[in-house]
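Each remark here refers to the structure printed beneath this line.
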Amino acid sequence: MGTRGVTTAGTSLTGSLTRAARAVAARVEQVLVKEGLTLDQWLVLDTLSGKGGLAMADLADRTLATAPTLTRVVDKLVTTAQAYREVDAADRRRVLVHLSARGRATHRRVAAKVSEVEALLDVPDEVLAVLGTLGG
1 MGTRGVTTAG TSLTGSLTRA ARAVAARVEQ VLVKEGLTLD QWLVLDTLSG KGGLAMADLA
61 DRTLATAPTL TRVVDKLVTT AQAYREVDAA DRRRVLVHLS ARGRATHRRV AAKVSEVEAL
121 LDVPDEVLAV LGTLGG
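Numbering-wise, the UniProt record's numbering puts 26 at position 26 of the sequence shown, and it's gapless, one number per residue.
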């Protein structure tokens, strides 16, 4: 095992994580394309599931999408009635994004399929726990 941050035998943490992320995304995208969703749309749907609504800044933090990308994604989800925007009652300057009933149904259906793909990857819980600490 190499020293943290040092490339050992041609393998770097950055390279390994990038390859792994792209491989997982490619497999998940095979499911999403059949559902008419992009990976960014799925990340927004998944982030909003179980939430009462999130501001765009909070969505950006949780999905790691840029503001322009997130605006396009949310616009598309609103257009397809998967989500809706609502002015925050506590702060009228903020707009919250919520999942609609259609969006919740889509999330339930697609989450099961994405979970199947993820289960096939057979990533040990210990690895998932470590990865979860890297996000900040």
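C-beta atoms are modelled at their ideal positions from N, C-alpha and C, and glycine is treated no differently. What you are looking at is a predicted structure, and each value in this text was computed from that prediction instead of being measured.
*CA-to-CA distance, Glu118 to Val87, given in whole angstroms*: As a working note, residue 87 is residue 87 in the sequence shown. As a working note, residue 118 is residue 118 in the sequence shown. Val87 and Glu118 have their C-alpha atoms some 36 Å from each other.
_Neighbourhood of Val74 by C-beta, 6 Å cutoff - its chain only, sequence neighbours within 5 removed_ = On the sequence shown, residue 74 is found 74 positions in, with the first residue counted as 1. Here the set comprises Val97.
*asked:* Would you call the segment 106 to 114 in contact with the segment 26 to 46, where contact means no fewer than 3 C-beta pairs closer than 8 Å?
replied: Taking one beta carbon from each stretch, the segment 106 to 114 and the segment 26 to 46 have 3 or more pairs nearer than 8 Å; the two touch.
*If we count the other Cβ atoms within 10 Å of its Cβ and call it buried at 16 or more, is Gln30 buried or exposed?*
Position 30 of the sequence shown, counted from the start, is the residue given in the question as residue 30. It is exposed - the Cβ of Gln30 has fewer than 16 other Cβ atoms within 10 Å.
_Through-space distance from Arg108 to Asp46, alpha-carbon basis_ = Along the sequence shown, one-based indexing puts residue 46 at 46. Along the sequence shown, one-based indexing puts residue 108 at 108. A straight-line Cα-Cα distance of about 9 Å links Asp46 and Arg108.
_Distance, Leu17 Cα to Asp91 Cα_ = Within the sequence shown, the letter at position 91 stands for residue 91. Within the sequence shown, the letter at position 17 stands for residue 17. In a straight line, the C-alpha of Asp91 is about 39 Å away from that of Leu17.
*asked:* Buried or exposed, going by whether 16 or more other CB atoms sit within 10 Å of the CB of Val127?
replied: Here residue 127 refers to the residue found at position 127 of the sequence shown. Exposed, since its Cβ has fewer than 16 Cβ neighbours within 10 Å.
*Along the chain, where does the alpha helix (DSSP H) that runs through residue 139 open and close?*
Any property of residue 139 remains undetermined from this structure, which presents the chain solely from 1 to 136.
*From Thr80, Ala60, Gly52, residue whose alpha carbon lies closest to that of Thr71*: Along the sequence shown, read from residue 1 onward, the residue named residue 71 stands at position 71. Distance from the Cα of Thr71 is smallest, within the candidate group Thr80, Ala60, Gly52, for Ala60.
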